[in-house]
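To start, the structure under review is shown below, and the notes come after it.
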Amino acid sequence: LANQLMGVKTPEDARKWLSLLQHWYRVYRDYINEKTYATEPGARKWWWTHKRVRKAYKRLERLARSGYLFTWLDPKFTGLDIQRTTSRLEGDVNAAIRRLLNTHRGLSEPHMKTAVEWLLNQKSIDPADPITWLTHHRHNTSQQPPHPATNNPISPTGYDTAIDYNPAYQDGSLHIHKGWAGR
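The UniProt record's numbering applies: residue 1 is where the sequence shown begins, and numbers increase by one.
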């Protein structure tokens with residue numbers, strides 16, 4: 001049934017596929033509606049036995065009833081070049097965004113947004129000139145400027161050896177060890 005869904009190209013094909021979906025439900029209705037009952041007392045008394053199959057069917061049924069399953073076949077959208085699938089979007093634009101954000105994992109959220117805006121600009125039909133885009137692009141002013149360094153730090157230093165050289169704590173274990181511990 002799922003493979004036949006990809007073969008739907010005309011409104012007649014869509015009607016045939018929807019009748020196959022209804023027939024499939026009539027055949028497997030009892031299977032889809034099976035419940036598993038809890039044997040031990042707890043919060044839940046029962047749950048759907050074949051939850052994933054039921055969820056997939058219910059989604060297809062809901063999309064068909066709402067008219068969204070075959071939107072691209074709707075006569076009022078003729079000539080708008082609506083795609084049958086989102087494969088081009090998922091494989092091109094969204095995948096590029098995921099790759100960008102994965103490659104630059106350390107970016108702050110405002111920088112992530114700017115990077116994605118830049119990527120989408122470059123993938124648009126008429127991308128802006130980089131110099132123009134960078135000079136006219138709104139800069140993130142919501143971030144607080146870094147605090148100036150003071151001569152009297154309130155907190156411990158950011159980078160240190162983490163070794164306390166106070167002789168009161170020297171019991172023989174708090175010193176820099178040399179050599180390999182596995183020998």
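Ideal placement from N, C-alpha and C gives every residue a C-beta, glycine not left out.
For residue i, the residue or residues it bridges with in DSSP
| i | result |
| --- | --- |
| residue 36 | 47 |
Nearest-angstrom beta carbon gap, residue j and residue i [assumed within contact, 8 Å]
| i | j | result |
| --- | --- | --- |
| residue 47 | residue 36 | 6 Å |
| residue 1 | residue 24 | 6 Å |
| residue 63 | residue 97 | Not confirmed; about 25 Å, so no contact. |
| residue 95 | residue 104 | In fact, because the Cβ distance is near 15 Å, the residues do not count as touching under 8 Å. |
| residue 93 | residue 123 | 6 Å |
| residue 10 | residue 34 | The Cβ separation is near 36 Å, so there is no contact. |
Where residue i falls, given that 16 or more other Cβ within 10 Å makes a residue buried
| i | result |
| --- | --- |
| residue 60 | buried |
| residue 69 | buried |
Which of helix, strand or coil DSSP assigns to residue i
| i | result |
| --- | --- |
| residue 264 | The requested residue 264 does not occur in the structure, where the chain is confined to residues 1 to 183. |
| residue 64 | helix |
| residue 9 | coil |
| residue 52 | helix |
| residue 137 | coil |
| residue 237 | This structure leaves residue 237 out entirely; the chain is present only between 1 and 183. |
| residue 110 | helix |
| residue 78 | coil |
| residue 1 | coil |
| residue 69 | coil |
| residue 105 | coil |
| residue 125 | coil |
Residue i at chain C interface by Cβ criterion, 7 Å
| i | result |
| --- | --- |
| residue 26 | The displayed structure is made up of one protein chain only, and chain C is not part of it. |
Assess, as a yes-or-no matter, whether the region 66-83 is touched by the region 26-34 under the definition of 3 or more beta carbon pairs within less than 8 Å.
No contact exists between the region 26-34 and the region 66-83.
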